[in-house]
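S.K.: Just so you know, our numbering puts 91 at position 91 of the sequence shown, and the rest follows in order with no gaps. Heads up, the beta-carbon is just placed ideally off N, CA and C, and yes, glycines get one too. Keep in mind the model is a prediction, meaning the values are calculated, not measured.
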Amino acid sequence: KPMDIYMKGGKMAKKRGQNQGSIVKRKNGTYMVQLSADGKRITKYFKTKTEANRWRINSLQKIQRGLFYSGPKLTVSEFLEEWLIARKGSIKPKTLFQYRQIVELHINPILGNIKINELKPAEIQALYNNKVETGTGVRTVRLIHSVLHCALAHALRLGIIYRNPSDAVYKPKAKKKEMQILDENQVRSL
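Next comes the structure, spelled out in structure tokens:
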């Protein structure tokens, strides 16, 4: 689609198609990018035109995928529900059932209402510590970590979050038990 040229503040600027955003050079030498998403105007400022254009393109891609404004609004429980639906076709029904139980019984009651982009490693670590202290088995806590880590890795790939907070936590280690060796009397009675 050919670009139209129009005058803005005495300078020539390129007018993009609708919902493509605009980049304008300001008097102080910085560049202003404006986009529309969900009926809201978003304005950001950059030192170079390259940075401004890169942000504009990345943001437009996120808007097209529905992630630009929905991402920050998503709670952990809302995202986990979407993640479970997405996983439905790629894992066995029994595994999906186990994941759903972990989410509903262990993750959502403590982390569910937190916005996914505000989830901190300290909150995840507190969840694990709390589970261990209240008697939840180490294997279950490690499964909680596995489910949460996998879901957050998916959120990272989608661009909803910019880092996986579960990467920074310590998951509990299973205690190794010494092997019990039977003596002669126990062997005979066995």
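At which residues does the beta strand (DSSP E) containing Thr-43 begin and terminate?
M.R.: For the purposes of this step, residue 43 is taken as the residue at position 43 of the sequence shown. 40-46 is the extent of the beta strand (DSSP E) around Thr-43.
S.K.: Give the straight-line distance between the Cα atoms of Phe-46 and Ala-174, rounded to the nearest whole angstrom.
M.R.: Residue mapping note: residue 46 aligns to position 46 of the sequence shown, counting from 1. Residue mapping note: residue 174 aligns to position 174 of the sequence shown, counting from 1. Rounded to whole angstroms, Phe-46 to Ala-174 spans 49 Å at the Cα level.
S.K.: Please give the ranges of any alpha helix (DSSP H) in the segment 113-171, keeping only runs that are unbroken, at least 4 residues long and fully inside the region.
M.R.: 121-133, 138-158
S.K.: Between the alpha carbons of Lys-94 and Glu-133, how many angstroms are there, rounded?
M.R.: The residue given as residue 94 occupies position 94 in the sequence shown. The residue given as residue 133 occupies position 133 in the sequence shown. So the alpha carbons of these two residues sit roughly 28 Å apart.
S.K.: Within 10 angstroms of the Cβ of Val-76, are there 16 or more other Cβ atoms? Answer buried if so, exposed if not.
M.R.: The sequence position of residue 76 within the sequence shown is 76, counting from 1. Around the Cβ of Val-76, a 10 Å sphere holds 16 or more other Cβ atoms; the residue is buried.
S.K.: Roughly how far, in whole angstroms, is the beta-carbon of Ile-144 from the beta-carbon of Ile-107, given that I think they are within contact range, below 8 Å?
M.R.: As a position in the sequence shown, residue 144 is number 144, starting the count at 1. As a position in the sequence shown, residue 107 is number 107, starting the count at 1. The C-beta separation of Ile-144 from Ile-107 comes to about 6 Å, placing the pair in contact by the 8 Å criterion.
S.K.: According to DSSP, is Gln-34 part of a helix, a strand, or is it coil?
M.R.: The residue you call residue 34 lines up with position 34 of the sequence shown. Correct three-state label for Gln-34: strand.
S.K.: Compute the Euclidean distance between the alpha carbons of Leu-111 and Gln-61, then round it to the nearest angstrom.
M.R.: Sequence index remark: in the sequence shown, residue 111 carries index 111 (1-based). Sequence index remark: in the sequence shown, residue 61 carries index 61 (1-based). Between Leu-111 and Gln-61, the C-alpha separation is close to 29 Å.
S.K.: Would you check if the segment 123-132 and the segment 86-104 touch, i.e. whether three or more CB-CB distances between them fall below 8 Å?
M.R.: Not touching, per the Cβ criterion.
S.K.: Using only the alpha-carbon positions, how far apart do Gln-20 and Asn-117 sit?
M.R.: As a first step, residue 20 must be located in the sequence shown, where it is residue number 20. As a first step, residue 117 must be located in the sequence shown, where it is residue number 117. Between Gln-20 and Asn-117, the C-alpha separation is close to 25 Å.
S.K.: From which residue to which residue does the beta strand (DSSP E) around Lys-25 run?
M.R.: The residue given as residue 25 occupies position 25 in the sequence shown. Segment 22-25, the beta strand (DSSP E) holding Lys-25.
S.K.: With distances taken from CA atoms, which of Arg-56, Ala-155, Glu-184, Ser-146 is nearest Tyr-128?
M.R.: The residue given as residue 128 occupies position 128 in the sequence shown. The candidate whose alpha carbon is nearest that of Tyr-128 is Ser-146.
S.K.: May I ask which residues mark the beginning and end of the alpha helix (DSSP H) holding Asn-28?
M.R.: Here residue 28 is taken as the residue at index 28 of the sequence shown, counted from 1. Element bounds for Asn-28: n/a, residue is neither H nor E.
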